[in-house]
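If you want the numbering used here, it's the 1-based position in the sequence shown plus 133.
For each residue, glycine too, the CB sits at the ideal point set by N, CA and C.
Predicted model, so just to flag it, every value in this text is computed and none were measured.
A quick write-up on the structure given underneath.
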Amino acid sequence: MDVARLAGVSPSTVSRILNGTARVSDDKRDAVLAAIDKVKFAPNQMAQGLKKGRSMTIGIVVQDISSPFFDETLRGVDDGLKNTGYASVIVSGHWDAEEEADRIRLLLARKVDGIILLSGRMSDQTVLNFSAQRPIVSTGRALHTASALGFKLDNEAGAYLAVHHLIELGHRRIAFITGPANNIDAGERLAGYTRALREAGIALDDKLIVEGDYHESSGMLAMNQLFDTHQQFTAVFAANDLTAYGARLALYRKGIRVPDDISLVGFDDLPGSSYTTPPLTTVRQPLYDIGRIATQALMRIINGEPARGEVPPLELVVRETTRRVR
(Lines of atoms letter the chains of each structure in order from A; the text may use other names.)
(Lines give C-alpha, C1' and ligand atoms only; values in the text may rest on other atoms or scores of the structure.)
Protein backbone atom coordinates (compact mmCIF):
# COMPACT_ATOMS: atom_id res chain seq x y z
CA MET A 134 0.00 0.00 0.00
CA ASP A 135 1.56 3.33 -1.14
CA VAL A 136 0.20 5.31 1.83
CA ALA A 137 1.58 2.83 4.38
CA ARG A 138 4.97 2.67 2.65
CA LEU A 139 5.34 6.45 2.40
CA ALA A 140 4.27 6.96 6.03
CA GLY A 141 6.46 4.13 7.33
CA VAL A 142 3.57 2.33 9.06
CA SER A 143 1.64 -0.86 8.50
CA PRO A 144 -1.45 -0.99 6.24
CA SER A 145 -3.58 -1.92 9.25
CA THR A 146 -2.45 1.25 11.04
CA VAL A 147 -3.50 3.35 8.03
CA SER A 148 -6.89 1.62 8.05
CA ARG A 149 -7.40 2.22 11.77
CA ILE A 150 -6.42 5.89 11.46
CA LEU A 151 -8.93 6.35 8.63
CA ASN A 152 -11.62 4.65 10.70
CA GLY A 153 -10.77 6.75 13.73
CA THR A 154 -9.91 3.72 15.90
CA ALA A 155 -6.12 4.00 16.04
CA ARG A 156 -4.26 5.32 19.09
CA VAL A 157 -1.05 6.65 17.58
CA SER A 158 1.32 9.54 18.10
CA ASP A 159 0.62 12.86 16.45
CA ASP A 160 3.77 12.47 14.34
CA LYS A 161 2.62 9.12 12.99
CA ARG A 162 -0.89 10.43 12.28
CA ASP A 163 0.56 13.48 10.52
CA ALA A 164 2.80 11.21 8.42
CA VAL A 165 -0.19 9.14 7.30
CA LEU A 166 -2.23 12.24 6.45
CA ALA A 167 0.68 13.71 4.50
CA ALA A 168 1.07 10.44 2.56
CA ILE A 169 -2.65 10.39 1.79
CA ASP A 170 -2.45 13.93 0.44
CA LYS A 171 0.64 13.10 -1.64
CA VAL A 172 -0.87 10.09 -3.44
CA LYS A 173 -4.39 11.63 -3.65
CA PHE A 174 -5.71 8.59 -1.82
CA ALA A 175 -9.47 8.11 -1.48
CA PRO A 176 -10.86 5.35 0.78
CA ASN A 177 -12.88 2.65 -0.92
CA GLN A 178 -16.33 3.78 0.16
CA MET A 179 -18.01 0.56 -0.90
CA ALA A 180 -15.62 -1.46 1.25
CA GLN A 181 -16.19 0.87 4.18
CA GLY A 182 -19.95 0.54 3.63
CA LEU A 183 -19.78 -3.23 3.68
CA LYS A 184 -17.91 -3.09 6.99
CA LYS A 185 -20.82 -1.07 8.38
CA GLY A 186 -23.39 -3.46 6.90
CA ARG A 187 -24.40 -1.05 4.15
CA SER A 188 -24.83 -1.55 0.41
CA MET A 189 -24.08 2.14 -0.35
CA THR A 190 -27.14 2.25 -2.63
CA ILE A 191 -30.54 3.87 -2.31
CA GLY A 192 -33.67 2.97 -4.22
CA ILE A 193 -35.79 5.56 -6.02
CA VAL A 194 -39.38 4.82 -7.03
CA VAL A 195 -40.68 7.16 -9.73
CA GLN A 196 -44.08 6.92 -11.40
CA ASP A 197 -43.19 7.73 -15.01
CA ILE A 198 -39.54 7.59 -16.05
CA SER A 199 -40.36 9.39 -19.32
CA SER A 200 -41.95 12.41 -17.61
CA PRO A 201 -39.98 15.70 -17.46
CA PHE A 202 -41.63 16.24 -14.06
CA PHE A 203 -39.64 13.36 -12.60
CA ASP A 204 -36.53 14.25 -14.66
CA GLU A 205 -36.18 17.52 -12.77
CA THR A 206 -36.73 15.86 -9.39
CA LEU A 207 -34.18 13.14 -10.19
CA ARG A 208 -31.65 15.84 -11.06
CA GLY A 209 -32.07 17.10 -7.52
CA VAL A 210 -31.65 13.56 -6.16
CA ASP A 211 -28.45 13.15 -8.15
CA ASP A 212 -26.99 16.36 -6.77
CA GLY A 213 -28.08 15.36 -3.27
CA LEU A 214 -26.00 12.18 -3.58
CA LYS A 215 -22.81 13.98 -4.55
CA ASN A 216 -19.88 13.22 -2.25
CA THR A 217 -21.88 10.67 -0.26
CA GLY A 218 -20.42 7.56 -1.92
CA TYR A 219 -23.96 6.40 -2.66
CA ALA A 220 -25.39 5.22 -5.97
CA SER A 221 -29.08 4.98 -6.90
CA VAL A 222 -31.29 2.24 -8.31
CA ILE A 223 -34.32 3.67 -10.14
CA VAL A 224 -37.56 1.75 -10.69
CA SER A 225 -41.03 2.81 -11.86
CA GLY A 226 -44.36 2.33 -10.08
CA HIS A 227 -46.53 3.46 -13.04
CA TRP A 228 -49.08 5.10 -10.72
CA ASP A 229 -50.20 1.70 -9.45
CA ALA A 230 -50.18 0.95 -5.71
CA GLU A 231 -49.54 -2.78 -6.11
CA GLU A 232 -46.69 -2.23 -8.56
CA GLU A 233 -45.15 0.39 -6.27
CA ALA A 234 -45.21 -2.12 -3.42
CA ASP A 235 -43.64 -4.79 -5.65
CA ARG A 236 -40.88 -2.37 -6.69
CA ILE A 237 -40.14 -1.54 -3.06
CA ARG A 238 -39.94 -5.25 -2.20
CA LEU A 239 -37.47 -5.65 -5.07
CA LEU A 240 -35.34 -2.79 -3.74
CA LEU A 241 -35.43 -4.25 -0.23
CA ALA A 242 -34.29 -7.61 -1.62
CA ARG A 243 -31.32 -5.77 -3.17
CA LYS A 244 -30.41 -4.49 0.31
CA VAL A 245 -30.68 -0.78 -0.46
CA ASP A 246 -29.97 1.38 2.57
CA GLY A 247 -33.00 3.61 2.04
CA ILE A 248 -35.74 4.50 -0.42
CA ILE A 249 -37.03 7.73 -1.97
CA LEU A 250 -40.65 7.40 -3.12
CA LEU A 251 -41.64 10.11 -5.59
CA SER A 252 -45.43 10.49 -5.33
CA GLY A 253 -47.51 7.37 -5.85
CA ARG A 254 -50.74 5.65 -4.94
CA MET A 255 -49.75 3.56 -1.91
CA SER A 256 -51.46 4.38 1.36
CA ASP A 257 -49.49 6.14 4.09
CA GLN A 258 -49.82 3.06 6.27
CA THR A 259 -48.23 0.85 3.61
CA VAL A 260 -45.30 3.27 3.37
CA LEU A 261 -44.92 3.23 7.14
CA ASN A 262 -44.95 -0.57 7.14
CA PHE A 263 -42.11 -0.67 4.61
CA SER A 264 -40.17 1.96 6.58
CA ALA A 265 -39.88 -0.55 9.42
CA GLN A 266 -37.39 -2.39 7.17
CA ARG A 267 -35.55 0.54 5.57
CA PRO A 268 -35.95 4.31 5.96
CA ILE A 269 -38.20 5.97 3.40
CA VAL A 270 -38.53 9.59 2.34
CA SER A 271 -41.61 10.28 0.24
CA THR A 272 -43.02 13.22 -1.68
CA GLY A 273 -46.72 13.98 -1.91
CA ARG A 274 -47.61 12.89 1.63
CA ALA A 275 -47.22 14.13 5.19
CA LEU A 276 -45.18 11.68 7.29
CA HIS A 277 -42.81 12.23 10.19
CA THR A 278 -41.50 9.24 12.11
CA ALA A 279 -37.99 8.11 13.00
CA SER A 280 -37.76 6.07 9.77
CA ALA A 281 -40.21 7.83 7.43
CA LEU A 282 -40.42 11.44 6.32
CA GLY A 283 -42.85 12.99 3.85
CA PHE A 284 -42.80 16.26 1.92
CA LYS A 285 -46.24 17.48 0.90
CA LEU A 286 -46.72 20.67 -1.10
CA ASP A 287 -49.89 22.75 -0.84
CA ASN A 288 -51.56 21.97 -4.18
CA GLU A 289 -54.76 23.72 -3.12
CA ALA A 290 -52.90 26.96 -2.45
CA GLY A 291 -50.99 26.67 -5.73
CA ALA A 292 -54.17 26.28 -7.77
CA TYR A 293 -55.72 29.17 -5.87
CA LEU A 294 -52.77 31.38 -6.89
CA ALA A 295 -53.27 30.48 -10.55
CA VAL A 296 -57.01 31.14 -10.64
CA HIS A 297 -56.80 34.23 -8.45
CA HIS A 298 -54.27 35.66 -10.94
CA LEU A 299 -56.75 35.15 -13.78
CA ILE A 300 -59.58 36.69 -11.77
CA GLU A 301 -57.44 39.76 -11.01
CA LEU A 302 -57.00 40.14 -14.77
CA GLY A 303 -60.77 40.34 -15.14
CA HIS A 304 -61.52 36.75 -16.20
CA ARG A 305 -64.77 35.30 -14.90
CA ARG A 306 -65.33 32.39 -17.29
CA ILE A 307 -62.30 30.20 -16.46
CA ALA A 308 -62.17 26.64 -17.78
CA PHE A 309 -60.26 24.04 -15.77
CA ILE A 310 -58.64 20.91 -17.19
CA THR A 311 -58.21 18.73 -14.11
CA GLY A 312 -56.00 15.76 -13.37
CA PRO A 313 -57.36 12.20 -12.90
CA ALA A 314 -60.34 11.98 -10.55
CA ASN A 315 -58.61 9.41 -8.31
CA ASN A 316 -55.44 11.50 -7.91
CA ILE A 317 -55.09 13.31 -4.57
CA ASP A 318 -53.08 16.21 -6.02
CA ALA A 319 -55.72 16.71 -8.73
CA GLY A 320 -58.47 16.86 -6.12
CA GLU A 321 -56.56 19.46 -4.14
CA ARG A 322 -56.02 21.60 -7.25
CA LEU A 323 -59.74 21.40 -8.02
CA ALA A 324 -60.39 22.61 -4.46
CA GLY A 325 -58.08 25.60 -5.03
CA TYR A 326 -59.86 26.45 -8.29
CA THR A 327 -63.22 26.26 -6.54
CA ARG A 328 -62.10 28.40 -3.59
CA ALA A 329 -60.76 31.16 -5.83
CA LEU A 330 -64.06 31.34 -7.72
CA ARG A 331 -66.12 31.26 -4.55
CA GLU A 332 -64.15 34.05 -2.87
CA ALA A 333 -64.57 36.19 -6.00
CA GLY A 334 -68.32 35.59 -6.05
CA ILE A 335 -68.15 33.64 -9.33
CA ALA A 336 -70.60 30.77 -9.65
CA LEU A 337 -69.04 27.37 -10.30
CA ASP A 338 -69.98 26.01 -13.74
CA ASP A 339 -69.38 22.26 -13.94
CA LYS A 340 -69.48 22.42 -17.74
CA LEU A 341 -66.20 24.36 -17.67
CA ILE A 342 -64.43 21.54 -15.80
CA VAL A 343 -63.04 18.74 -17.98
CA GLU A 344 -61.01 15.81 -16.67
CA GLY A 345 -57.55 15.13 -18.08
CA ASP A 346 -54.80 12.68 -17.18
CA TYR A 347 -51.76 15.00 -16.82
CA HIS A 348 -50.53 14.19 -20.35
CA GLU A 349 -50.36 16.48 -23.39
CA SER A 350 -52.95 14.51 -25.35
CA SER A 351 -55.55 14.97 -22.63
CA GLY A 352 -55.05 18.74 -22.83
CA MET A 353 -55.86 18.66 -26.52
CA LEU A 354 -58.90 16.42 -26.02
CA ALA A 355 -60.21 18.55 -23.17
CA MET A 356 -59.98 21.74 -25.20
CA ASN A 357 -61.76 20.10 -28.12
CA GLN A 358 -64.50 18.91 -25.76
CA LEU A 359 -64.99 22.47 -24.49
CA PHE A 360 -65.27 23.73 -28.06
CA ASP A 361 -67.56 20.89 -29.16
CA THR A 362 -69.98 21.69 -26.33
CA HIS A 363 -69.86 25.42 -27.24
CA GLN A 364 -68.64 26.62 -23.84
CA GLN A 365 -67.79 30.29 -23.49
CA PHE A 366 -64.60 31.13 -21.60
CA THR A 367 -61.75 33.63 -21.69
CA ALA A 368 -59.11 31.67 -19.75
CA VAL A 369 -57.94 28.10 -19.11
CA PHE A 370 -56.23 26.72 -16.03
CA ALA A 371 -54.52 23.40 -16.73
CA ALA A 372 -53.73 21.07 -13.82
CA ASN A 373 -50.13 20.66 -14.99
CA ASP A 374 -47.79 22.04 -17.63
CA LEU A 375 -47.99 19.01 -19.90
CA THR A 376 -51.76 19.42 -20.07
CA ALA A 377 -51.25 23.12 -20.82
CA TYR A 378 -48.94 22.21 -23.72
CA GLY A 379 -51.68 20.08 -25.26
CA ALA A 380 -54.29 22.78 -24.65
CA ARG A 381 -52.02 25.35 -26.31
CA LEU A 382 -51.73 23.19 -29.42
CA ALA A 383 -55.51 22.76 -29.62
CA LEU A 384 -55.96 26.53 -29.38
CA TYR A 385 -53.35 27.08 -32.10
CA ARG A 386 -55.12 24.67 -34.43
CA LYS A 387 -58.37 26.56 -33.87
CA GLY A 388 -56.68 29.84 -34.78
CA ILE A 389 -57.17 31.13 -31.23
CA ARG A 390 -54.39 33.40 -30.01
CA VAL A 391 -52.77 33.08 -26.59
CA PRO A 392 -53.09 35.35 -24.66
CA ASP A 393 -54.89 37.81 -26.98
CA ASP A 394 -58.03 35.67 -27.21
CA ILE A 395 -57.65 33.21 -24.33
CA SER A 396 -55.28 33.26 -21.36
CA LEU A 397 -53.60 30.04 -20.25
CA VAL A 398 -52.00 28.98 -16.95
CA GLY A 399 -50.25 25.70 -16.10
CA PHE A 400 -48.90 24.05 -12.96
CA ASP A 401 -45.35 22.70 -12.31
CA ASP A 402 -43.02 25.10 -14.14
CA LEU A 403 -41.21 22.42 -16.09
CA PRO A 404 -37.95 23.57 -17.72
CA GLY A 405 -39.63 23.66 -21.15
CA SER A 406 -42.33 26.08 -19.98
CA SER A 407 -39.94 29.01 -20.35
CA TYR A 408 -39.57 28.16 -24.05
CA THR A 409 -43.14 27.58 -25.21
CA THR A 410 -44.68 30.05 -27.66
CA PRO A 411 -45.43 32.25 -25.83
CA PRO A 412 -43.66 31.35 -22.55
CA LEU A 413 -46.13 29.78 -20.13
CA THR A 414 -47.49 31.42 -16.99
CA THR A 415 -47.53 28.64 -14.40
CA VAL A 416 -47.31 27.66 -10.74
CA ARG A 417 -43.75 26.68 -9.86
CA GLN A 418 -43.20 23.49 -7.93
CA PRO A 419 -39.63 23.38 -6.58
CA LEU A 420 -39.01 20.01 -8.28
CA TYR A 421 -35.21 20.13 -8.17
CA ASP A 422 -35.24 21.26 -4.54
CA ILE A 423 -37.66 18.48 -3.61
CA GLY A 424 -35.28 15.85 -4.99
CA ARG A 425 -32.19 17.34 -3.39
CA ILE A 426 -33.76 17.95 0.03
CA ALA A 427 -35.45 14.53 0.09
CA THR A 428 -32.08 12.90 -0.60
CA GLN A 429 -30.33 14.89 2.11
CA ALA A 430 -33.09 13.94 4.56
CA LEU A 431 -32.71 10.26 3.69
CA MET A 432 -28.95 10.45 4.23
CA ARG A 433 -29.58 11.91 7.68
CA ILE A 434 -31.89 9.04 8.63
CA ILE A 435 -29.44 6.43 7.29
CA ASN A 436 -26.69 8.01 9.40
CA GLY A 437 -28.81 7.87 12.52
CA GLU A 438 -29.64 11.57 12.64
CA PRO A 439 -33.10 13.09 13.14
CA ALA A 440 -35.28 13.15 10.01
CA ARG A 441 -35.89 16.70 8.87
CA GLY A 442 -36.13 18.91 5.82
CA GLU A 443 -38.26 21.68 4.39
CA VAL A 444 -38.95 22.55 0.76
CA PRO A 445 -39.77 26.03 -0.60
CA PRO A 446 -43.45 26.93 -1.09
CA LEU A 447 -45.24 27.01 -4.44
CA GLU A 448 -45.20 30.30 -6.30
CA LEU A 449 -46.85 31.82 -9.35
CA VAL A 450 -44.52 32.58 -12.26
CA VAL A 451 -46.13 35.13 -14.57
CA ARG A 452 -44.87 34.97 -18.15
CA GLU A 453 -46.65 35.73 -21.41
CA THR A 454 -49.74 33.48 -21.69
CA THR A 455 -52.03 35.65 -19.54
CA ARG A 456 -53.38 39.14 -20.07
CA ARG A 457 -56.13 41.43 -18.79
CA VAL A 458 -59.56 41.02 -20.32
CA ARG A 459 -60.30 43.86 -22.70
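In the three-state reduction of the DSSP assignment, Phe400 falls in the strand class.
Excluding the 5 residues flanking it on each side, Pro392 has same chain C-beta neighbours closer than 6 Å at Thr454, Thr455 and Arg456, in chain order. Shown here, Ala242 sits in a helix according to DSSP, grouped into three states. DSSP places Phe366 outside both helix and strand once states are collapsed to three, so it counts as coil.
Secondary structure of Leu413 (DSSP, three-state): coil.
Where Glu448 is concerned, the enclosing beta strand (DSSP E) starts and stops at Glu448 to Val450.
Restricted to the stretch 299 to 349, the beta strand (DSSP E) segments that are unbroken, complete and at least 3 residues in length are 307 to 311 and 342 to 344, listed in chain order. In the DSSP assignment, Leu282 falls within the beta strand (DSSP E) that extends over Ala281 to Phe284.
With respect to Ser221, Ile269 sits apart: the two C-beta atoms are not nearer than 9 Å.
Asn357 places its beta carbon 9 Å or farther from that of Gly312. At a Cβ-Cβ threshold of 9 Å, Gly379 and Ala355 count as neighbours.
DSSP places Leu250 in the uninterrupted beta strand (DSSP E) bounded by Ile248 to Leu250. By the criterion of a C-beta distance shorter than 7 Å, Lys285 is surrounded in its chain by Gly273, Arg274 and Ala275, once the five residues flanking it on both sides are discounted. Non-local beta-carbon contacts of Pro201 in its own chain, meaning distances under 6 Å to residues more than five positions away in sequence, involve Leu403 in chain order. At the C-beta level, Ser256 and Thr278 stay beyond 9 Å of one another. Annotation for Ser264: the continuous alpha helix (DSSP H) segment containing it runs Asp257 to Ser264. Excluding its 5 nearest sequence neighbours in each direction, Gly209 has C-beta neighbours in its own chain below 8 Å: Leu420, Tyr421, Asp422, Ile423, Gly424, Arg425, Ile426, Ala427 and Thr428, listed in chain order. Ranking Leu294, Val195 and Gly213 by CA distance to the CA of Ser252 puts Val195 first. Judged by their CB atoms, Ala292 and Leu337 are not nearer to each other than the 9 Å cut-off. Taken through DSSP and simplified to helix, strand or coil, Ser225 comes out as strand. Arg390 and Thr409 have their C-alpha atoms some 14 Å from each other. For the pair Asp204 and Phe400, the Cα-to-Cα distance works out to about 16 Å. Comparing alpha-carbon positions, the option among Arg267, Ala333 and Leu214 lying closest to Leu239 turns out to be Arg267.
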